[in-house]
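Enquirer: Offset between the sequence shown (1-based) and our numbering: plus 20.
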Amino acid sequence: MPKPAVFLDRDGTLAHEVGYINHLSRFKLYPFAVETVRLANRAGFLAVVVTNQAGVARGYFPESMIQRVHDHVRGLMEAGGARLDGIYYCPHHPSAGEPPYRQDCDCRKPRPGLVRRAAEELDVDLARSWVVGDRPGDLELAWQVGARGALVKTGYGLGELAFNRARFLREPDLIAENALEAVTRIVALGRT
């Protein structure tokens, strides 16, 4: 039976937004990140990371750097008793770099490719799922696949709300201080 998922943006949502992560030492999870994923696990949601990583296309780091960061994230989550059910990323950019990374793909958020692939591979019920992120593109992604979108005020979120809210396609389904608050409220909504 398909399960609901919480699709979590990486940088600015689970981890500090510091620009391109071109070295493992630059990657820092927020203090609430492990508890966020653990809460989703306990509530019966799949916990899935979806992230754009155009630094590969731009030549800032090799694709293997993304794998190193994601192995590190999985290790931190497991050490804290949390489980990521999947990590999906887009290394492409439509106008930067060289092929095969320079391409107008369907996986670069807000396009739905990453979430659709995850939904197929993990048997996700998108109508009962959420996308949580710090950019309007995360909300647009949610709405394109029939999920709901939560905007967090970490990363770029607070600035997006303060300066760009009038340009959002519509109001977020939920606004939260951070990912832990968002998932706490998502779980509560699921029980009502």
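We treat Cβ as the ideally placed atom computed from N, Cα and C, and that holds for glycine.
Predicted model only: the values in this text are computed from it and were never measured.
So, under 8 Å CB-CB, residue 69 and residue 44 are touching, yes? Tell me the CB distance rounded to an integer number of Å.
Expert: About 16 Å separates the two Cβ atoms, so there is no contact after all.
Enquirer: Kindly provide the ranges of any alpha helix (DSSP H) runs that are 4 or more residues long and lie completely inside the region 57 to 123, ordered along the chain.
Expert: 83 to 99
Enquirer: Whole angstroms is fine: what's the gap from residue 135's alpha carbon to residue 159's?
Expert: Taking the straight line from one Cα to the other gives about 12 Å.
Enquirer: Could you tell me the alpha carbon to alpha carbon distance between residue 185 and residue 98, rounded to whole angstroms?
Expert: 36 Å
Enquirer: Whole angstroms are fine: how far does the CA of residue 66 sit from the CA of residue 140?
Expert: In this model, residue 140 and residue 66 are separated by some 13 Å (Cα to Cα).
Enquirer: Output needed for residue 129: all residues of its chain with C-beta closer than 6 Å, excluding positions within five of it in sequence on either side, in chain order.
Expert: 72, 157, 161
Enquirer: If you measure from the CB of residue 100, is any heavy atom of the ligand GDP nearer than 7 Å?
Expert: Absent from the structure shown: the ligand GDP. Ligands present: none.
Enquirer: Consult DSSP for residue 25 and reduce its assignment to one of helix, strand or coil.
Expert: The three-state secondary structure of residue 25, taken from DSSP, is strand.
Enquirer: Following the continuous beta strand (DSSP E) through residue 168, name the residue where it begins and the one where it ends.
Expert: 168 to 172
Enquirer: Between which two residues does the beta strand (DSSP E) containing residue 135 stretch?
Expert: Counting along the chain, residue 135 falls outside any beta strand (DSSP E), though it belongs to the alpha helix (DSSP H) covering 133 to 142.
Enquirer: So, under 8 Å CB-CB, residue 58 and residue 106 are touching, yes? Tell me the CB distance rounded to an integer number of Å.
Expert: Not quite, the Cβ-Cβ distance comes to about 16 Å (not below 8 Å), so this is no contact.
Enquirer: Quick check on residue 191: buried or exposed, where buried means 16 or more other Cβ atoms within 10 Å of its Cβ?
Expert: exposed
Enquirer: Pick out whichever of 94, 210, 147 has its Cα sitting closest to the Cα of residue 30.
Expert: Answer by Cα proximity: 94.
Enquirer: Using CA coordinates, which residue listed in 49, 92, 195 is at the minimum distance from residue 173?
Expert: 195
Enquirer: Who are the near neighbours of residue 82 in its chain, counting only those whose CB is closer than 8 Å to its CB and skipping five residues on each side?
Expert: Same-chain partners within the cutoff: 76.
Enquirer: Going by beta-carbon coordinates alone, are residue 60 and residue 26 separated by less than 8 Å?
Expert: yes
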